[in-house]
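Okay, so here's the structure we're looking at.
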Amino acid sequence: MAYTLSSSPAGPIGTQYCVCKVELSVCGQNLLDRDVTSKSDPFCVLFVEVNGKWTEIDRTETAVNNLNPAFSKKFIVDYHFEEVQKLKFALFDQDKSSMQLYEHDFLGEFSCTLGMIVSSKKITRTLLLGNGKPAGKGMITIAAQELSDNRVITLSMAGRKLDKKDLFGKSDPFLEFYKPGDDGKWMLVHRTEVIKYTLDPVWKPFTVPLLSLCDGDVEKLIKVMCYDYDSDGGHDFIGEFETSVAKMCEAQDAFPLELDCINPKKQKKKKNYKNSGIILVKSCKITRDYSFLDYILGGCQLMFTVGIDFTASNGNPRDPSSLHYINPMGTNEYLSAIWAVGQIIQDYDSDKMFPALGFGAQLPPDWKCAAAWSSSSAGAVCPQDKEDSSCVPYMEATGNVSHEFAINFNPTNPFCSGVEGIVQAYSACLPHIRFYGPTNFSPIVNHVARFAAQATQQEFAAQYFILLIITDGVISDMDETRHAVVQASKLPMSIIIVGVGNADFAAMEFLDGDNRVLRSYTGEEATRDIVQFVPFREFRSAPKETLAKAVLAELPQQVVQYFKHQNLPPLSSEPA
0 MAYTLSSSPA GPIGTQYCVC KVELSVCGQN LLDRDVTSKS DPFCVLFVEV NGKWTEIDRT
60 ETAVNNLNPA FSKKFIVDYH FEEVQKLKFA LFDQDKSSMQ LYEHDFLGEF SCTLGMIVSS
120 KKITRTLLLG NGKPAGKGMI TIAAQELSDN RVITLSMAGR KLDKKDLFGK SDPFLEFYKP
180 GDDGKWMLVH RTEVIKYTLD PVWKPFTVPL LSLCDGDVEK LIKVMCYDYD SDGGHDFIGE
240 FETSVAKMCE AQDAFPLELD CINPKKQKKK KNYKNSGIIL VKSCKITRDY SFLDYILGGC
300 QLMFTVGIDF TASNGNPRDP SSLHYINPMG TNEYLSAIWA VGQIIQDYDS DKMFPALGFG
360 AQLPPDWKCA AAWSSSSAGA VCPQDKEDSS CVPYMEATGN VSHEFAINFN PTNPFCSGVE
420 GIVQAYSACL PHIRFYGPTN FSPIVNHVAR FAAQATQQEF AAQYFILLII TDGVISDMDE
480 TRHAVVQASK LPMSIIIVGV GNADFAAMEF LDGDNRVLRS YTGEEATRDI VQFVPFREFR
540 SAPKETLAKA VLAELPQQVV QYFKHQNLPP LSSEPA
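At the far end of the sequence shown sits residue 575, using numbering that gives the first Met the number 0, and the numbering has no gaps.
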C-alpha cells in the first residue's frame, strides 16, 4: 500500500476469508470396558487428514472410571467451506501417563467430514474397531457450534464452609458448569481443577468462550455443581445452584457475589438446612478475544513491500542458468514467489499500491549512487556518489552499490499497482542494472521499520507492515540485520524471506526464531518472532497455493500477537 502517514485510518477491505471457528463437543455412550477391576478411563483424540495422513490436533481430558463420558474439553477447528476437511475421533482407555497412543487401549473410532457435522449440528454414530466392526455397543455423539461470537468470559471462583465429605480429612472440591442443551438436558461446559484438603477452596481464574458457557445469552440460566473428588471416579456431590452470566457480572473485586450451594436431598430431609456452603464469584469479566479475521474485517490494512536481491551471485539474467532468467513460460523463482505471496496479501490492501525495492546492484546512468527518498522529501539526490547531508537514508549506498532502490527507478514514487505492477517493474529493470554485491538486508528492513514505527501512534489496529525479501544467498551484514529484526519485533511488522536457488540458507533459518529467541549483537532479545523463512526449492514441484500457505503460515498469529500485546482493538469493534 502507498504509505500514508496521516492520522486518518483507511477504510475496511472488501475481500474476506471464508473461514470461521467451530467448536466440537464430544460425548461417549456404552464404551467398551477395558479395565478388569474398574471401568475404562476414556479420553478422545481428534485427528485431521493432511496430505493423506492423519495428524493429531488435540485431546480431551480423561474421564475416570466412566463408560458414558461427557468431555468438558472442546475441540476448536477452522471451518473452510471450500475444502473437504476429513476428521477422525478416536477414543482410548488411559492406562499410563504416557502421551504415546499405542500404550493405551483402543476403544473405537469414527471418521467423517466437518461439513457432515456442521450440516447436522449434532450426530450420533457407532464406534468402529480397526477391523471395521462395531466396538461393542459403543456410540459417539458430536455436537458443533459456530464460534461467531468472539466474547470470552473470565471467572474467578472460591468456596466457603463447604460440606466435609472425606472421613479422615476435608473435601477435595471442584466445580462443573452446565448449560441447557437443545434436548432439554444439561450439557457440561467446563470443569475446574481440584483443590485438595480444604472446605474453603480458591480456584484458579479460567476463561471460556461466552458461546460455550451460555450460547452468548447472558440471561440464560446455567447450573454450577460442586463435587468432592475421589480417585476412583465416584465423586461425592456437595451441592449446586443455578445462576446466569448477568447475575455473576454483579460481582466486583471488593464485593464478591455469594451464592448458596444447595444439596436438594439434604434440603428435603433437614428442616433447618441452610446450605452446603457458599460459592463466591470473586470476579466475572466479559472481554473480546479478537482473531486475525476480526482485525482484518475491522479494517486493518496489510502494508506490503517487496525487496528483491540483485547481487551477482544470481548470475547474468540473460543466461538460462541465472535465477533471474525469465524462461519462455514468462517466470522464474523470483516471480513465482512474488505471485504466491502477493496474490493473497493484495486482497487486504485497499489501494493495492506496493513499494517494490531492490538491493545489491549498481544503477544507471553512472552505475554509482541512487536517489534517496523519505515520506516528506521530493527526492534528494547524492550527486557523483557523494553523500548529501540532507539526504534521508531511505535509500542507502555503500561504495558503488545501492542497497535500496525503487525497481521502477522512480525514487519519489516507488509504488507499483498490484502484483502485476511489481512483475512489470521487475521485468523492465533487469536489463538496466548491474548485479553486484554484497547481500545486505538491514537497509531494507530499517526502511520498512521506519514507517511501521510511525504506525505505533495508532489507537486502533489500523496498519500492519509486511516485508517480503526474496534472496539467493548468505547475508553479508548479519549483525546489522539481527539488530534490525530485533528492533522491528517491537513494531507492527513481519518479515517473510523466500530463499531461491540451492545456496546454504542456514542464516535465514537463524533469523526465523521458531526454535530459539533471536538476539541482537547487543544481547537484546526479540520481543516476538516476526520472521518466516521458506526455501523455494522445497516447493518447485508443488502447487503454487502450497508455497503461499507455507510462506503465510505464521502471519495471522504474528498480527494478532502484536495487537493483543499493544491492547489495540480492531478499527470497527463492538463493546464486549
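Note that the Cβ used here is the ideal one computed from N, Cα and C, for glycine as well.
Using the C-alpha atoms, what's the distance from residue j back to residue i?
i: residue 129; j: residue 120; result: 27 angstroms
i: residue 234; j: residue 250; result: 29 angstroms
i: residue 568; j: residue 518; result: 29 angstroms
i: residue 30; j: residue 22; result: 23 angstroms
i: residue 319; j: residue 354; result: 28 angstroms
i: residue 75; j: residue 167; result: 41 angstroms
i: residue 426; j: residue 77; result: 39 angstroms
i: residue 37; j: residue 131; result: 27 angstroms
i: residue 271; j: residue 40; result: 40 angstroms
i: residue 535; j: residue 337; result: 12 angstroms
i: residue 218; j: residue 244; result: 6 angstroms
i: residue 96; j: residue 64; result: 16 angstroms
i: residue 508; j: residue 469; result: 14 angstroms
i: residue 511; j: residue 262; result: 57 angstroms
i: residue 432; j: residue 363; result: 7 angstroms
i: residue 341; j: residue 418; result: 6 angstroms
DSSP three-state label for residue i, please.
i: residue 375; result: Per-residue confidence for residue 375 stands at a pLDDT of 30, beneath the threshold of 50, marking its modelled position as unreliable; the derived number appears in the next sentence. It is coil, neither helix nor strand.
i: residue 33; result: coil
i: residue 11; result: With a pLDDT of only 28 at residue 11, under 50, the local geometry of the prediction cannot be trusted, and the value read off the model is given with reservation. Coil.
i: residue 111; result: strand
i: residue 146; result: coil
i: residue 509; result: helix
i: residue 156; result: strand
i: residue 325; result: coil
i: residue 419; result: helix
i: residue 97; result: coil
i: residue 55; result: strand
i: residue 119; result: helix
i: residue 390; result: Per-residue confidence for residue 390 stands at a pLDDT of 30, beneath the threshold of 50, marking its modelled position as unreliable; the derived number appears in the next sentence. Reduced to three states, the DSSP call for residue 390 is coil.
i: residue 519; result: coil
i: residue 291; result: helix
i: residue 24; result: strand
i: residue 250; result: coil
i: residue 78; result: strand
i: residue 275; result: coil
i: residue 395; result: With a pLDDT of 39 at residue 395, under the threshold of 50, the predicted position of this residue should be treated as unreliable, though the coordinate-derived value follows. Note: residue 395 maps to coil in three-state DSSP.
Less than 8 angstroms separating the beta-carbons of residue i and residue j?
i: residue 237; j: residue 248; result: no
i: residue 145; j: residue 173; result: no
i: residue 69; j: residue 107; result: no
i: residue 294; j: residue 562; result: yes
i: residue 46; j: residue 55; result: yes
i: residue 204; j: residue 256; result: no
i: residue 361; j: residue 435; result: yes
i: residue 443; j: residue 356; result: yes
i: residue 19; j: residue 152; result: no
i: residue 533; j: residue 558; result: no
i: residue 43; j: residue 88; result: yes
i: residue 126; j: residue 116; result: no
i: residue 502; j: residue 477; result: no
i: residue 465; j: residue 303; result: yes
i: residue 312; j: residue 498; result: no
i: residue 164; j: residue 221; result: no
i: residue 329; j: residue 437; result: no
i: residue 240; j: residue 213; result: no
i: residue 441; j: residue 411; result: no
i: residue 147; j: residue 161; result: no
Considering residue i, what are the terminal residues of the beta strand (DSSP E) in which it resides?
i: residue 539; result: Run containing residue 539: none; DSSP gives neither H nor E here.
i: residue 38; result: Looking at the DSSP string, residue 38 is not in any beta strand (DSSP E), and its letter there is neither H nor E.
i: residue 302; result: 300-308
i: residue 352; result: 352-358
i: residue 128; result: That residue, residue 128, is in no beta strand (DSSP E); it is neither H nor E in DSSP.
i: residue 567; result: Careful: residue 567 lies outside any beta strand (DSSP E) and carries neither H nor E.
i: residue 257; result: 256-259
Considering residue i, what are the terminal residues of the alpha helix (DSSP H) in which it resides?
i: residue 264; result: 263-268
i: residue 559; result: 554-564
i: residue 341; result: 332-344
i: residue 89; result: Counting along the chain, residue 89 falls outside any alpha helix (DSSP H), though it belongs to the beta strand (DSSP E) covering 85-92.
i: residue 246; result: 244-247
Given 7 angstroms as the limit, tell me if residue i has its C-beta closer than that to any heavy atom belonging to the ligand FMN.
i: residue 219; result: The ligand FMN is absent from the structure shown, which contains no ligand whatsoever.
Establish whether the CB of residue i and some CB of chain D are separated by less than 8 angstroms.
i: residue 563; result: Any reference to chain D falls outside this structure, which holds one protein chain only.
Q) Could you give the uninterrupted runs of the beta strand (DSSP E) lying entirely in the stretch 160-242, keeping only those of 3 residues or more? A) Unbroken beta strand (DSSP E) stretches of 3 residues or longer found wholly inside the stretch 160-242: 172-179, 185-190, 205-208, 220-227, given in chain order.
Q: Write down every uninterrupted run of the alpha helix (DSSP H) in the stretch 426-499 whose length is 4 residues or greater and which is fully enclosed by it, in chain order.
A: 441-453, 477-487
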